[in-house]
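Using full-length UniProt numbering, the first residue of the sequence shown is number 1, and each one after it goes up by one. C-beta atoms are modelled at their ideal positions from N, C-alpha and C, and glycine is treated no differently. Remember, it's a predicted structure, so these values are computed and weren't measured experimentally. Please read the structure below before turning to the comments.
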Amino acid sequence: MQTMNKTITSPSQDQYKELQERYPDTLQCFCTEISIPYGELIEITPIYHQVCTSDFVQSWWYQNLIVKDDGEASLQIIPFSLYYPLIPNGTCSCARNPGCTTVAVSGDLESINGSGLIELEGVHMGCFMTDAVSQSSLVCWYNDSCMEQLQTEFVSAGVTIFNNATKLNSSLSSNFPPDTLVQTIIENVMADQWQSSASYANFYQKCRPALCSYTYEERSSAIFIITKIIGLFGGLNIALRLISRFAAKIFFKFIHKRTTQEPPLAFIGQEAIERK
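This is the structure:
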């Protein structure tokens, strides 16, 4: 096996995908654009609260609650018995606390001190409309009995369009339970959920890698093997030459040193005779 290195210039997204699948461990690509804004890569889409698409925000619904005369809009005449007035002997008094709210009820005004009033679950009323709405919830618009009570009161007031309104669906998955205050829903810009989707095509287009490099193992060919063998023998040949040359130098140096240190035997014998 032999390791191969390869480089591709300006690869397309399809080429990159193919290389990523084949060489996930060795592939390296570098973006030409270092900093890419998230807004160009990720799209975030809100999923709004179901009330935003319900019957209660449709034009056919609220236009039937308004009468237009001579360019002036006023609330349709509804019997006063639909609303419970803010009275001093209650827990909320506009004179003492203009921002207070109290639970709204419906029924006959004459039965204030009796049992004819029905509390509207989750619905509040106050000195200011904004305070009343923000402290209310949408529980009543999920509840069959509460919707029926409202329908009875509105129909008795001549608002028949209420018969066509569909209650909110409590079985839908939502981050806002039915008893969530309207103020909380508004603070979350009426968005129940946020969906995000990332576009890899946009990312690759912005990245625009100038080149991609990768390595891979390839089975050695006959030519490669022969070349390696020749190279191996060539290397051995050079090594043997160096070793033999070095060994020869050592050998001859050793011989030369020995011959210079030990005199010949004949010369030694002649010296002995002369001494005698």
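Secondary structure at Met190: coil, using DSSP grouped into helix, strand and coil. Here the alpha carbon of Asn169 sits roughly 6 Å from the alpha carbon of Tyr142.
Counting along the chain, Val123 sits inside the beta strand (DSSP E) bounded by residues Ile118 to Gly126. DSSP, read as helix, strand or coil, puts Gln28 in strand. Around Val123, the same chain offers Ala104, Ser136 and Cys140 as residues with beta carbons nearer than 6 Å, after the five sequence neighbours per side are excluded. If you draw a straight line from the Cα of Phe176 to the Cα of His49, it comes to about 8 Å. By the beta-carbon neighbour count (other beta carbons within 10 angstroms, threshold 16), Phe154 is buried. Selection Cys31, Glu217, Asn202 and Ala165 evaluated against Val57 yields Ala165 as nearest (Cα-Cα). Setting aside the 5 residues that flank it on each side, Ala191 is surrounded in the same chain by Pro46, Ile47, Tyr48 and His49, each with a C-beta closer than 8 Å to its C-beta; the list follows chain order.
Residues of the same chain with a CB within less than 6 Å of the CB of Val133, apart from the 5 flanking positions on each side, are Val182 in chain order. Gln135 sits in coil when the DSSP states are folded into three classes, being neither helix nor strand.
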